[in-house]
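Engineer: Below are the structure tokens for one structure; questions will follow.
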Amino acid sequence: MHINPKLIKKQFEKSFGKYNKNALVQKSMAEKLIFSLTQIKNDFNTILELGCGTGLLTEQAVNTLHFENYYANDIVEKSNIYISKILENYTFLCGNAQKIKPAKKTDLIISNAMFQWLGNLTQIAQHLHIISNPSGLLAFSTFLPDNYKEIRDLTGLSLDYKTIGQIKQELIGYFEIIYHEEYCQTLTFSNPLELLAHIKNTGVNALSNKHMTFLEVKEFCDKYKEKYPQITLTYNPAIIIAKKI
Ligand SMILES: C[S@@+](CC[C@H](N)C(=O)[O-])C[C@H]1O[C@@H](n2cnc3c(N)ncnc32)[C@H](O)[C@@H]1O
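For what it's worth, the working numbering labels the leading residue of the sequence shown as 32, then goes sequentially.
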């Protein structure tokens, strides 16, 4: 599936207002990511957060980690409004995470539920390697191939989710994975329309610009009810902590 940064920006910007209420899984991922990280280290000089959005991870990080400098990045400018309510002293770097350059080298790069939008990770691993201090950590969460498997089975639409093995391969030469964890979490909805609204409100329809017609929506809902009568949606997150080589 082709990843279009302009579409990602537009769809996430639209979803921000309803994101926190809907992003239950992303919130649990942020908690797990910070918990796992603190088992390794919780004191850093400079932190860079990529794709900070409405600040779910920022809030966890600020409450748990010790740091001197915090750089927050997102491709959507409006994200800065949310971060300014969480942090006082920080620098917001608006732009594509694959290109941004903080003024200081980083000791920790964190990111929650964003790496799945980056395509091949080798390019960003190379970039993050350059902007990290020696032994700097890269701690992120992302989604694995069983994510949204119901949608993939019904529509054929899916992001190109990678396995942990593929992620490890794409980081080779730049970062070495020192901890990883994966799990599945299933959400249940009262009807398929509610499920579609959930997907939209978490920005995940950034996959496609196409609006479904009334008939297409009806067909999707009928098929969903037939195949998944409990109206379940599977999430398949991964928590990964890697160290600069
Ligand atoms: C699913 S949201 C996660 C937001 C936040 N990290 C959280 O914990 O809830 C993904 C975020 O990544 C941002 N994003 C997607 N691709 C990006 C890129 N290439 N560079 C920077 N931000 C990006 C989106 O604008 C959105 O805010």
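A virtual CB, placed ideally from N, CA and C, is assigned to each residue, including glycine. A quick note: this is a predicted structure, and the numbers were derived from the prediction, not measured.
Rounded to whole angstroms, what's the CA-CA distance from Ile39 to Glu99? Just pull it up for me.
Structural biologist: Numbered from its first residue, the sequence shown carries residue 39 at position 8. Numbered from its first residue, the sequence shown carries residue 99 at position 68. In a straight line, the C-alpha of Ile39 is about 31 Å away from that of Glu99.
Engineer: Would you call the segment 253-266 and the segment 221-231 in contact, with 3 or more CB pairs under 8 Å?
Structural biologist: Result yes; three or more Cβ-Cβ pairs closer than 8 Å.
Engineer: Does ligand 1 have even one heavy atom less than 6 Å from the beta-carbon of Asp191?
Structural biologist: Translated into positions along the sequence shown, residue 191 becomes position 160. False, no ligand heavy atom lies under 6 Å from that Cβ.
Engineer: Note the first and the last residue of the continuous alpha helix (DSSP H) segment covering Ser115.
Structural biologist: For this step, residue 115 is matched to residue 84 along the sequence shown. That run of the alpha helix (DSSP H) goes Ser110 to Ser115.
Engineer: For Phe206 and Lys135, which I take to be in contact (beta-carbon distance under 8 Å), what is that distance rounded to the nearest angstrom?
Structural biologist: Translated into positions along the sequence shown, residue 206 becomes position 175. Translated into positions along the sequence shown, residue 135 becomes position 104. Their Cβ separation, rounded to whole angstroms, is 19 Å, which puts Phe206 and Lys135 out of contact at 8 Å.
Engineer: So, for Ala54: in the same chain, excluding its five sequence neighbours on each side, which residues have a beta-carbon less than 7 Å away from its beta-carbon?
Structural biologist: Mapped onto the sequence shown, residue 54 falls at position 23. Leu87 and Thr233.
Engineer: Going by DSSP in three states, Ser221 sits in which element: helix, strand or coil?
Structural biologist: The count along the sequence shown starts at 1 and reaches residue 221 at position 190. Coil, per DSSP.
Engineer: So, is Asp105 buried or exposed, given that buried needs 16 or more other C-beta atoms within 10 angstroms?
Structural biologist: Taking the sequence shown and counting its residues from 1, one reaches residue 105 at position 74. It is buried - the Cβ of Asp105 has at least 16 other Cβ atoms within 10 Å.
Engineer: Whole beta strand (DSSP E) runs in the segment 152-236 with 3 or more residues, listed along the chain?
Structural biologist: Segments of the beta strand (DSSP E) lying fully in the segment 152-236: 163-174, 206-213 and 216-219.
Engineer: Just to confirm, does Met243 get its C-beta within under 6 Å of one of the non-hydrogen atoms of ligand 1?
Structural biologist: Taking the first residue of the sequence shown as 1, we reach residue 243 at position 212. No, ligand 1 has no heavy atom inside 6 Å of this Cβ.
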